[in-house]
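First to last, the sequence lines map onto chains E and Z.
Number 149 in the UniProt record's numbering belongs to position 149 of the first sequence; there are no gaps in the numbering.
Number 410 in the UniProt record's numbering belongs to position 410 of the second sequence; there are no gaps in the numbering.
These notes concern the structure reproduced below.
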Amino acid sequence: MLDQKEIVSEVKVIVFRLKDEEYGVEVNQVKSIEKLEHITRVPRTPQFVKGVINLRGVVTPIIDLRNRFGLEESLYSESTRIIIVAVGEVEVGLIVDAANDVIDIPVNAIEPPPEVVGGVEAAYLRGVAKLDKRLLILLNLDKVLSTEEIKQLDSIEG
Amino acid sequence: MDMNQYLDMFIEEAKEHLQAINANLLLLESDPGNIGHVKEIFRSAHTLKGMSATMGFEDMANLTHEAENVLDLIRNQKLTITSDIMDVIFQSVDLIESMVIDITEGGDGSADVSVPVKKLRAIVAGDFSAEQEVAAAAVAEEEAVEAEKAEGTPAQEHDLDDYALMVLEQSKELGNNVVWIQVTLNENCLLKAARAYMVFDQLESMGEIIKTKPSVEDIENERFELSFELAYVTMQSVEKVRSAILNISEIQDVTIEPIQLKKQAPPAPAVAETAAPAEEKKAPSNAQATPAKKTTAGGKTIRVDIDRLDILMNLFSELVIDRGRLEQLAREIGNGELQETVEHMNRISGDLQNIILTMRMVPVEQVFNRFPRMIRDLQKELHKKVNLEIIGAETELDRTVIDEIGDPLNHLLRNSLDHGIESPEDRKRAGKPEEGTIVLRAFHSGNHVFIEVKDDGAGINKEKVLKKAIERGIVNPANADSMSDKQIHELLFAAGFSTAEVVSDISGRGVGLDVVKSKIESLGGSVSVESVRGQGTTFLIQLPLTLSIISAMLVQVNDEKYAVPLSSIIETAVFKKDQIMMAHRQKVIDFRGRVVPLVSLQDIFQVPDNGAEKDDDVSVVIVRKGEKMAGLVVDSFIGQQEIVLKSLGKYLVNVFAISGATILGDGQVALIIDCNALIK
Numbered sequence: 001m002l003d004q005k006e007i008v009s010e011v012k013v014i015v016f017r018l019k020d021e022e023y024g025v026e027v028n029q030v031k032s033i034e035k036l037e038h039i040t041r042v043p044r045t046p047q048f049v050k051g052v053i054n055l056r057g058v059v060t061p062i063i064d065l066r067n068r069f070g071l072e073e074s075l076y077s078e079s080t081r082i083i084i085v086a087v088g089e090v091e092v093g094l095i096v097d098a099a100n101d102v103i104d105i106p107v108n109a110i111e112p113p114p115e116v117v118g119g120v121e122a123a124y125l126r127g128v129a130k131l132d133k134r135l136l137i138l139l140n141l142d143k144v145l146s147t148e149e150i151k152q153l154d155s156i157e158g
Numbered sequence: 001m002d003m004n005q006y007l008d009m010f011i012e013e014a015k016e017h018l019q020a021i022n023a024n025l026l027l028l029e030s031d032p033g034n035i036g037h038v039k040e041i042f043r044s045a046h047t048l049k050g051m052s053a054t055m056g057f058e059d060m061a062n063l064t065h066e067a068e069n070v071l072d073l074i075r076n077q078k079l080t081i082t083s084d085i086m087d088v089i090f091q092s093v094d095l096i097e098s099m100v101i102d103i104t105e106g107g108d109g110s111a112d113v114s115v116p117v118k119k120l121r122a123i124v125a126g127d128f129s130a131e132q133e134v135a136a137a138a139v140a141e142e143e144a145v146e147a148e149k150a151e152g153t154p155a156q157e158h159d160l161d162d163y164a165l166m167v168l169e170q171s172k173e174l175g176n177n178v179v180w181i182q183v184t185l186n187e188n189c190l191l192k193a194a195r196a197y198m199v200f201d202q203l204e205s206m207g208e209i210i211k212t213k214p215s216v217e218d219i220e221n222e223r224f225e226l227s228f229e230l231a232y233v234t235m236q237s238v239e240k241v242r243s244a245i246l247n248i249s250e251i252q253d254v255t256i257e258p259i260q261l262k263k264q265a266p267p268a269p270a271v272a273e274t275a276a277p278a279e280e281k282k283a284p285s286n287a288q289a290t291p292a293k294k295t296t297a298g299g300k301t302i303r304v305d306i307d308r309l310d311i312l313m314n315l316f317s318e319l320v321i322d323r324g325r326l327e328q329l330a331r332e333i334g335n336g337e338l339q340e341t342v343e344h345m346n347r348i349s350g351d352l353q354n355i356i357l358t359m360r361m362v363p364v365e366q367v368f369n370r371f372p373r374m375i376r377d378l379q380k381e382l383h384k385k386v387n388l389e390i391i392g393a394e395t396e397l398d399r400t401v402i403d404e405i406g407d408p409l410n411h412l413l414r415n416s417l418d419h420g421i422e423s424p425e426d427r428k429r430a431g432k433p434e435e436g437t438i439v440l441r442a443f444h445s446g447n448h449v450f451i452e453v454k455d456d457g458a459g460i461n462k463e464k465v466l467k468k469a470i471e472r473g474i475v476n477p478a479n480a481d482s483m484s485d486k487q488i489h490e491l492l493f494a495a496g497f498s499t500a501e502v503v504s505d506i507s508g509r510g511v512g513l514d515v516v517k518s519k520i521e522s523l524g525g526s527v528s529v530e531s532v533r534g535q536g537t538t539f540l541i542q543l544p545l546t547l548s549i550i551s552a553m554l555v556q557v558n559d560e561k562y563a564v565p566l567s568s569i570i571e572t573a574v575f576k577k578d579q580i581m582m583a584h585r586q587k588v589i590d591f592r593g594r595v596v597p598l599v600s601l602q603d604i605f606q607v608p609d610n611g612a613e614k615d616d617d618v619s620v621v622i623v624r625k626g627e628k629m630a631g632l633v634v635d636s637f638i639g640q641q642e643i644v645l646k647s648l649g650k651y652l653v654n655v656f657a658i659s660g661a662t663i664l665g666d667g668q669v670a671l672i673i674d675c676n677a678l679i680k
């Protein structure tokens, strides 16, 4: 355990699971966690955009994070969740395998990401937090949700 | 009294009146004999003067006052309009406009008005020598104003300042009673300010309070003894006014005496003399002028914050979604009474929807109105002759779009005048009429409003454009030869491009048409240009109506549902498979004698196959974009429905052929097809 004095500041993160890894996004970027519901496919969008859902009257785009990170897709199950995140004016739902924990991470436990973690490009990561026996990968949502990339992909595909 | 709460209203109204003045001035210029225009201008100027004086913008009040004097002479046909006079009036209006802008930006609206004031006075005094007394009056008045300025205190009996006197005079001319009222309150009166307010209220219902003593502010703060006095103008009889005031409780006494304007204006005796005969002369004509004024004020409006309308709209959208849901439920349950009620609710909410939508719509006239004036000034500056033709000013657009579209249009018009229309000499040489024409046209088409700026000028010089684009590094010289005319024309909208040889003050200013383009695109519209060398250039702006609720046809493609806006549908039809023909490897059908290409939504949208058997019938939605048509092949028609337009959010931008989404009765999202993108 860390000594009380060492804890300078903490970040609260929502922990979710993708494949075998645990990831975290800061709580203040998360608006809600939803169960999987009917997704309306939006044609001619990148593979990882699964479509849009009706989130209490707001049409919200949904991204499959596995696909976004180039991990193999799996069938959705009972534990599959949609984490609704907001970065700036962009509001997007992320499909994850499970979301079940909220924890505080001391800032000084966060280390810069190694080149490749579980196949996810380092650019999408903010860092890796080592907590006890857990390894938590913190996402850089700005990068994950960058629309630049969508536009680029668009021009490649189109 | 805190004037801030009225400031917004003042600015709005001042702008409206300036607009009206400008419009009428232009009409007057083309039709100088028509006194009706002068009357309109006079009316607006008069209101403007009153408003600005009330708000304490003295320079503005002064200037409008002087302008009004000139207008008055014109109105009474004692002065004929010359282009010099028009110019001076235009200048004054400009100055007032700049003051309003200053006030809008938080300034105090002060400006140096001495030059136009002097000019206006010169018109009144100089050009009007035939009728000595009025000239004398003007001079005398001028002296009075100057004297007042020097001393800073008005010297009249009732402390009436120059402005108030002038108002009183005019009112008297209009056949009103001009009186000085002294109201004394009961000694036991507790809420003196409230009583005073009731008196004011009563009086204002019958006439106009010109001035109070002590000031309104003091009276409101109860900084007065038992009595207060006021200068009052009314059409009612003195007795009626008296009894009206006495009807208010806790009023001790009221004295009403007419104000003797002759005596009160000793420095300007001539004014009174002219005023007296003028009174008789004008009385009949003004009898009709006064009610006319009332009717314009009678069109009752209230100003509502656009944000509130937005909120109303959003709430209503939610209601529409629930309405769809209810309809569906009622159908499923099949209870007659329930269905009847839902139907009734449908009708009511339909009406409600119409009202809410139209509440947000304003005619483009609001924006177009200011252009004739701008073109007039600009052509003088550029020594060109142009006739601006405005068509379709009554076309309505959403308020938010109206607010934003002014600048881009202004820019395009300036561009047409500066770069498009040639000088009169050049035009003559080219065998065109000396006067160029710029047509500003607005019209509805489908889901969009189009605004066209068309000139009959020189057209776009392709070589010059291309040369410049290469110089600026916008175009790679290697590609230059292969560019189509259209592509070259589009270069005008490229960032950092300006075709003017010399960056002129008119359309240069460092901003190019790229700004216009980005502005219009930010409104969800688009702009294109067409040009024929020697014949002219046309800029076409396409804007969405931004209606948040539209009628649409829901269609099914395999397991997916899509909405097609009704505005782009011509009709729906069912064809047999063998009616489909091939032309240039493109499936087409014969639709009422026209060959219409078919677009398979399943292919275009890569809809996953659900393995269902397709029968021999092909359901087609015939859609159009302008003159062009296309047939969208779907599996089945679900039906027509009112849908609420929702954006796909900031993350999914520019999705091909999808203009937005909507939420259906069952809570699912359906995408709205942008037919324009599907028709090439």
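We treat Cβ as the ideally placed atom computed from N, Cα and C, and that holds for glycine.
| query | result |
| --- | --- |
| So the beta strand (DSSP E) residue 448 of chain Z belongs to, where does it begin and stop? | 448-455 |
| Apart from the five residues on each side of it in sequence, which residues of its chain come closer than 6 Å, Cβ to Cβ, to residue 581 of chain Z? | 588 |
| Just the Cα atoms here: how many angstroms apart are residue 266 of chain Z and residue 15 of chain Z? | Unreliable placement is indicated for residue 266 of chain Z, whose pLDDT of 43 sits below 50; no coordinate value is reported for it. |
| Among Z:23, Z:74, Z:7 and Z:57, which has the Cα closest to the Cα of residue 110 of chain Z? | Z:57 |
| Quick check on the DSSP output: the beta strand (DSSP E) that includes residue 200 of chain Z runs from which residue to which? | Premise fails: residue 200 of chain Z lies in the alpha helix (DSSP H), 192-206, not in any beta strand (DSSP E). |
| Tell me, which residues are paired with residue 314 of chain Z by DSSP? | DSSP, once it has assigned bridges, lists no residue as partnering residue 314 of chain Z. |
| Using a cut-off of 7 Å between C-beta atoms, extract the partners of residue 661 of chain Z located in chain E. | 52 and 59 |
| Given this structure, state the Cα-to-Cα distance separating residue 124 of chain Z from residue 25 of chain Z, to the nearest angstrom. | 18 Å |
| Ignore the nearest five residues each way along the sequence and tell me which others in residue 657 of chain Z's own chain have a CB closer than 7 Å to its CB. | 604, 673, 674, 677 and 678 |
| Under a CB-based cut-off of 8 Å, is residue 45 of chain E close to chain Z? | yes |
| Could you tell me whether the Cβ of residue 318 of chain Z comes closer than 8 Å to any Cβ of chain E? | yes |
| Could you name the residues of the same chain whose beta carbon sits closer than 7 Å to that of residue 143 of chain E, not counting the 5 residues immediately before and after it, in chain order? | 123 and 124 |
| Quick one: Cα of residue 431 of chain Z to Cα of residue 36 of chain Z, how far? | 38 Å |
| CB-CB under 7 Å to residue 486 of chain Z, same chain, minus the five flanking residues each way: which ones, in chain order? | none |
| Taking the alpha carbon of residue 111 of chain E as the reference point, which residue from E:38, E:84, E:77 and E:128 has its own alpha carbon closest? | E:128 |
| Starting from residue 409 of chain Z, trace the alpha helix (DSSP H) both ways and give me its first and last residue. | 399-415 |
| Mind pulling the alpha helix (DSSP H) runs of 4 or more residues that sit fully within the stretch 45-121 of chain E? | 65-68 |
| So, at 7 Å on beta carbons, what are the nonlocal neighbours of residue 371 of chain Z in its own chain, with the 5 sequence-adjacent residues on each side left out? | 388, 413 and 440 |
| Is it buried or exposed for residue 398 of chain Z, if we count other Cβ within 10 angstroms and need 16 for buried? | buried |
| Tell me the rounded alpha-carbon separation between residue 198 of chain Z and residue 227 of chain Z. | 14 Å |
| Since residue 84 of chain E contacts residue 60 of chain E with CB under 8 Å, what's their CB separation in whole angstroms? | 7 Å |
| Please report the Cβ distance between residue 219 of chain Z and residue 193 of chain Z, rounded to the nearest whole angstrom; I am assuming they are in contact, meaning their Cβ atoms lie under 8 Å. | 6 Å |
| Quick check: is any heavy atom of the ligand FMN less than 7 Å from the C-beta of residue 420 of chain Z? | The ligand content of the structure shown is nil, which means the ligand FMN is not present either. |
| Could you pull the start and end residues of the alpha helix (DSSP H) that residue 383 of chain Z belongs to? | Residue 383 of chain Z -> no alpha helix (DSSP H), and no H or E assigned at all. |
| Here's a check: name, in chain order, each residue in its chain whose Cβ is nearer than 6 Å to the Cβ of residue 150 of chain Z, leaving out the five neighbours to either side. | Bear in mind that the predicted position of residue 150 of chain Z carries a pLDDT of just 40, short of 50, making it unreliable; the figure below should be weighed with that in mind. So the list is empty, once near-sequence residues are dropped. |
| Just to confirm the assignment, what range does the alpha helix (DSSP H) spanning residue 142 of chain E have? | 141-144 |
| Which of the three DSSP states, helix, strand or coil, is assigned to residue 479 of chain Z? | helix |
| Indicate whether residue 647 of chain Z and residue 660 of chain Z have their beta-carbon atoms separated by less than 8 Å. | yes |
| Could you tell me whether the Cβ of residue 321 of chain Z comes closer than 8 Å to any Cβ of chain E? | yes |
| Sorted by chain position, which residues of the same chain lie with C-beta nearer than 7 Å to residue 48 of chain E's C-beta, five sequence neighbours on each side aside? | 63, 64, 67 and 68 |
| Does the beta-carbon of residue 161 of chain E have 16 or more other beta-carbons within 10 angstroms, so that it is buried, or is it exposed? | No information on residue 161 of chain E is available, as it lies outside the stretch 1 to 158 that chain E covers here. |
| Report all residues from its chain with a CB closer than 7 Å to the CB of residue 256 of chain Z; omit the five preceding and five following residues, and keep chain order. | 179, 181, 238, 241 and 242 |
| Who are the neighbours of residue 73 of chain E on chain Z, taking C-beta pairs under 9 Å? | Near residue 73 of chain E there are no residues of chain Z at all, since even the closest Cβ is about 15 Å away, more than 9 Å. |
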